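Here is the structure we will look at.
Numbering (the numbering used here), first residue to last: 17 to 311.
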């Protein structure tokens with residue numbers, strides 16, 4: 017099941033009105049900044065604004081195959097939520113930690129950068145990490161698993177000892193990610209809709225903080241048309257194959273009308289070409305809270 021923002025409520029007009037109210041109430045008016053003065057984080061340090069997962073040492077390091085985990089919210093809660101994936105999942109730690117604290121979840125996070133969560137042979141260390149993560153999630157018996165993945169060109173697969181192109185890899189990535197979602201569905205506590213995929217976001221062809229530093233008096237010069245490599249993305253294509261998987265698509269919120277701002281509402285939006293700043297990501301907690309069903 018694919019659930020985008022415009023379908024999150026009965027009827028697109030009602031959903032659009034609701035989202036507009038959320039944006040006005042939670043984030044102030046959605047306006048691009050004209051200068052970089054007082055931006056948070058400052059553009060020259062925005063690349064390090066990665067959130068609690070990095071600060072708390074919650075990401076499995078390069079070369080490690082153990083599924084390092086951190087627990088946020090209420091560790092003793094019977095309502096368990098897992099956030100799992102690569103760095104594109106990790107960027108949603110700030111809003112989900114906030115939700116966990118508000119809702120009394122036990123939020124367990126597991127991340128490893130540049131590692132496929134799609135159930136397919138990729139790299140030995142990543143494959144072992146993924147298997148260990150599956151075991152850990154199964155032991156957790158969560159009510160809900162939230163996952164996200166990079167769908168760009170980094171994840172090219174191998175066949176008969178030869179590296180395929182990213183385009184050649186796409187069909188297998190779709191099938192493999194669908195296998196992952198089905199496995200996760202089996203690990204949740206018999207709960208319908210127990211797997212949520214946050215769709216990979218539009219990306220930039222440049223590093224937005226660098227552009228802001230180059231245009232300190234006119235940040236609108238750093239607005240860009242967000243794009244996806246290999247659209248629609250193997251994450252969405254896989255979720256369409258799995259009845260129990262739901263997709264949350266934040267594209268229109270992050271990049272209204274397809275135009276992404278490097279800075280908006282006093283914040284740097286993207287910390288690099290493909291990741292949100294933790295500062296901005298945290299402001300999505302209210303919207304995610306409305307779109308995530310339970311637990």
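Backbone N, C-alpha and C define an ideal beta-carbon position, used for all residues, glycine too.
Everything numeric in this text was worked out from a predicted model, so none of it was measured.
Look at residue 211 here: in three-state DSSP terms it is strand. As a beta-bridge residue in DSSP terms, residue 241 pairs with 275. Shown here for residue 81: same chain residues with a beta carbon closer than 8 Å to its own, the five before and five after excluded, namely 141, 144, 145, 148 in chain order. Distances from the CA of residue 158 to each of 164, 150, 165 were compared; the closest alpha carbon is that of 150. According to the DSSP assignment, residue 145 belongs to the alpha helix (DSSP H) that extends over 140-156. Its chain contains 209 as the residues whose beta carbon lies nearer than 7 Å to that of residue 309, once the 5 sequence neighbours on both sides are disregarded; these appear in chain order.
Annotated three-state conformation of residue 234 is coil, per DSSP. Taking every protein chain shown into account, the CB of residue 71 has fewer than 16 other CB atoms within 10 angstroms, so this residue is exposed.
Remark: C-beta atoms of residue 87 and residue 123 approach each other more closely than 9 Å.
Rounded to whole angstroms, the Cβ separation of residue 224 and residue 278 is 4 Å, and the two are in contact under 8 Å. In this structure, residue 304 keeps its C-beta atom at 9 Å or more from the C-beta atom of residue 91.
In the structure shown, residue 163 falls within a strand segment according to DSSP collapsed to helix, strand and coil.
Annotation for residue 108: no beta strand (DSSP E) segment contains it, and DSSP assigns it neither H nor E.
The C-beta separation of residue 172 from residue 181 comes to about 6 Å, placing the pair in contact by the 8 Å criterion.
Between the alpha carbons of residue 89 and residue 156 lies a distance of about 15 Å. By the C-beta density criterion, residue 311 is buried, having at least 16 other C-beta atoms within 10 angstroms.
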